[in-house]
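Trainee: Counting in the working numbering, the first sequence runs from 10 upward without gaps.
Each residue gets a CB set at the ideal place from its N, CA and C atoms; glycine is no exception.
Note that the structure is predicted; figures quoted are calculated from it, not measured.
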Amino acid sequence: MQLNLPARPPFSFSSVVRSHGWMQLAPFILDQDSGDLRYAHQLASGRVVDLLLQAAPGGEGVRVKTGADLDKAEAAEVARKVGWMLGLDMDFSTFYARARRTPKLAQAEAEARGRVLRSATFFEDTVKTILTTNTSWAGTIRMVGTLVEQFGAPLPDEPERRAFPTPGRLAQSDVATLRNETRLGYRAPYVLELAQAEAGGELDLEAYKTNDLPTPELRKALLAIKGVGPYAAANLLMLLGRYDYLPVDSWALKVVSHEWHAGEPIDPAEVEAAFEDWGQWKGLAFWFWDWDYKWDYKDEETA
DNA sequence: GGTAGACCTGGACGC
DNA sequence: GCGTCCAGGTCTACC
């Protein structure tokens with residue numbers, strides 16, 4: 010079965026996929042040669058499907074292929090989820106108008122930068138974000154991979170590949186297993202607590218995708234999640250399309266320091282100050298800035 | 001409100 | 001091979 014989904018121009022499938030490191034995290038698999046992205050996903054019905062995402066001919070959208078025969082409701086769910094993951098209808102025209110006048114962002118529109126790859130559910134993105142904190146990128150890849158391997162539902166025709174675990178499945182686990190076998194370390198209780206809250210209905214992360222709370226209030230709600238601090242909240246807000254806060258981590262301190270402070274140690278306030286006048290586009294300007302300092306997470310992975 | 005120390009893991013390094 | 005140190009954000013207790 011095949012779906013062709015249009016995107017608001019400008020759109021580049023490759024730009025979205027390579028917007029950050031998510032395509033290296035299970036259950037995503039990126040084919041480096043073709044640029045195609047595979048994603049195992051468990052639908053609301055419980056069925057696990059393999060989605061092959063690729064640039065549509067002409068580059069104006071995305072083509073979704075799956076070996077599964079989807080009924081009407083399942084096809085609509087896949088279209089909705091993929092639309093969210095790739096931000097197909099997002100509009101960056103205001104950002105581009107400003108970026109055109111900024112040499113370090115001059116290519117943003119031509120390269121269709123702005124969209125960042127997201128997981129199918131905000132629960133998945135929240136867990137993944139917690140697993141990026143206080144560890145190396147290789148550690149994040151390992152933890153997410155093990156979590157999917159141990160708790161994800163398998164694809165019927167390819168059982169070694171699994172979907173990201175549902176909150177309900179993770180909620181049935183326990184801290185000792187997550188800590189010692191999944192090797193999440195001290196993050197184990199955070200992930201378990203999050204899964205239990207989501208599965209029990211005390212939390213509805215999926216609703217965060219569409220709610221219209223002012224960003225500071227949404228941030229406050231995210232900060233109330235154990236394991237989510239200022240960096241993780243800003244990262245999650247970016248994934249929700251809110252760019253008013255910067256995800257200041259050690260990488261941010263490094264690139265800003267080399268860009269404007271001759272490599273001298275700086276504090277988070279100086280990172281914020283560097284992008285203060287970008288207002289609601291702060292996060293995007295920061296994320297797609299053409300830094301002088303070229304180190305990024307990929308260096309660590311291939312080191 | 002600000003700060004110090006603890007939390008885990010894996011990699012680098014010295015022996 | 002073993003032990004030690006360090007980097008990576010967040011939480012909690014304390015001032």
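Could you tell me which of W290, F295 and W296 sits nearest to D100, measuring between CA atoms?
Mentor: Checking every option, the nearest Cα to that of D100 belongs to W290.
Trainee: State the Cα-Cα distance for the pair R17 and R27, rounded to the nearest angstrom.
Mentor: R17 and R27: Cα-Cα distance of roughly 18 Å.
Trainee: Looking at C-alpha atoms only, which residue of G250, D276, A77 and G68 is the closest neighbour of T224?
Mentor: Minimum Cα distance to T224 is reached at G250.
Trainee: With 16 as the cutoff for other CB atoms within 10 Å, does R89 come out buried or exposed?
Mentor: R89 comes out exposed.
Trainee: Can you check the segment 131 to 204 for any alpha helix (DSSP H) of at least 4 residues that lies completely inside it and give the ranges in chain order?
Mentor: Counting whole runs of 4 or more residues, the segment 131 to 204 contains the alpha helix (DSSP H) stretches 131 to 139, 146 to 160, 176 to 180 and 184 to 189.
Trainee: Beta carbon of A172, beta carbon of A162: below 7 Å?
Mentor: Taking 7 Å as the Cβ cut-off, A172 and A162 qualify as a contacting pair.
Trainee: Taking P19 as the reference, give the member of G30, G67, G44 and R47 with the closest Cα.
Mentor: Nearest of G30, G67, G44 and R47 to P19, Cα basis: G67.
Trainee: Measure the C-alpha to C-alpha separation of M94 and E273 and round it to an integer number of angstroms.
Mentor: Each residue's alpha carbon lies about 37 Å from the other.
Trainee: Evaluate R122 with the Cβ neighbour count: other Cβ atoms within 10 Å of its Cβ, from every protein chain shown; 16 or more gives buried, anything less gives exposed.
Mentor: It is buried - the Cβ of R122 has at least 16 other Cβ atoms within 10 Å.
Trainee: So, L293 versus I275, is the Cβ gap smaller than 7 Å?
Mentor: No.
Trainee: With a Cβ-Cβ cutoff of 7 Å, do L46 and T135 count as a contact?
Mentor: Not in contact: L46 and T135 (Cβ atoms no closer than 7 Å).
Trainee: Taking DSSP's pairing of strands, which residues face H270 in a bridge?
Mentor: Answer is none; H270 lacks a bridge partner.
Trainee: Just tell me which of L248, A77, Y199 and L62 has its CA closest to the CA of M10.
Mentor: Answer by Cα proximity: A77.
Trainee: Quick one: residues in its chain with C-beta nearer than 6 Å to the C-beta of S182, no 5 flanking neighbours on either side, listed in chain order?
Mentor: For S182, where only same-chain residues beyond five positions count, there are no Cβ hits under 6 Å.
Trainee: Since I believe A208 is in contact with P176 (beta carbons under 8 Å), could you give me their beta-carbon distance rounded to a whole number of angstroms?
Mentor: About 4 Å; that satisfies the 8 Å criterion.
Trainee: Which residue marks the beginning of the beta strand (DSSP E) containing L14, and which one marks its end?
Mentor: That run of the beta strand (DSSP E) goes Q11 to P15.
Trainee: Enumerate in chain order the residues of its own chain whose CB-to-CB distance from G267 is below 8 Å, with the five nearest sequence positions on each side excluded.
Mentor: Position check: residue 267 holds His in this sequence, whereas Gly was assumed. For H267, where only same-chain residues beyond five positions count, the Cβ hits under 8 Å are W300, D301 and Y302.
Trainee: Are the CB atoms of L39 and E83 nearer to each other than 7 Å?
Mentor: For L39 and E83, no; Cβs fall outside 7 Å.
Trainee: Which residues does DSSP pair with V73 in a beta bridge?
Mentor: Answer is L12 and L62.
Trainee: Could you pull the start and end residues of the beta strand (DSSP E) that Y48 belongs to?
Mentor: Segment L46 to Q51, the beta strand (DSSP E) holding Y48.
Trainee: When the Cα atoms are used, what is the spatial distance from W31 to A271?
Mentor: Spanning the two alpha carbons is a distance of roughly 30 Å.
Trainee: Going along the chain, which unbroken runs of the alpha helix (DSSP H) with 4 or more residues stay wholly within the segment 244 to 306?
Mentor: DSSP runs (the alpha helix (DSSP H)) wholly in the segment 244 to 306: 259 to 269, 277 to 284 and 291 to 297.
Trainee: Going by CA-CA distance only, name the one from N244, R56 and T142 that's closest to R127.
Mentor: Residue N244 is the option with its Cα nearest to R127.
Trainee: Going by Cα to Cα distance, which pick from G238, G236, Y254 and W146 is closest to Q33?
Mentor: Selected option, being the one with the closest Cα: W146.
Trainee: Which value, in whole angstroms, describes the spacing of the CA atoms of V153 and A35?
Mentor: So the alpha carbons of these two residues sit roughly 6 Å apart.
Trainee: Is the CB-CB distance between V296 and K113 below 7 Å?
Mentor: The sequence shown places Trp at residue 296, rather than the Val named in the question. It is not a contact, given that the beta carbons lie outside the stated cut-off.
Trainee: What does the alpha-carbon distance come out to for the pair V87 and T142?
Mentor: Approximately 30 Å, taken between the alpha carbons.
Trainee: Per the DSSP calculation, F37 is bridged to which residue(s)?
Mentor: BP columns for F37 point to Y48.
Trainee: Starting from Y217 and walking both ways along the alpha helix (DSSP H), at which residues does that stretch end?
Mentor: First-last for Y217: undefined, no H or E at that position.
Trainee: What did DSSP end up calling V57 once you bin it into helix, strand or coil?
Mentor: Three-state DSSP puts V57 in a strand.
Trainee: Skipping 5 residues on each side, what residues in its chain have a beta carbon closer than 7 Å to that of A49?
Mentor: The answer, listed in chain order, is P36, V57, D59, L164, R170, R171 and A172.
Trainee: For Y195, does the count of other Cβ atoms within 10 angstroms reach 16, so buried, or fall short, so exposed?
Mentor: The residue in question, Y195, is exposed, as its Cβ has fewer than 16 Cβ neighbours within 10 Å.
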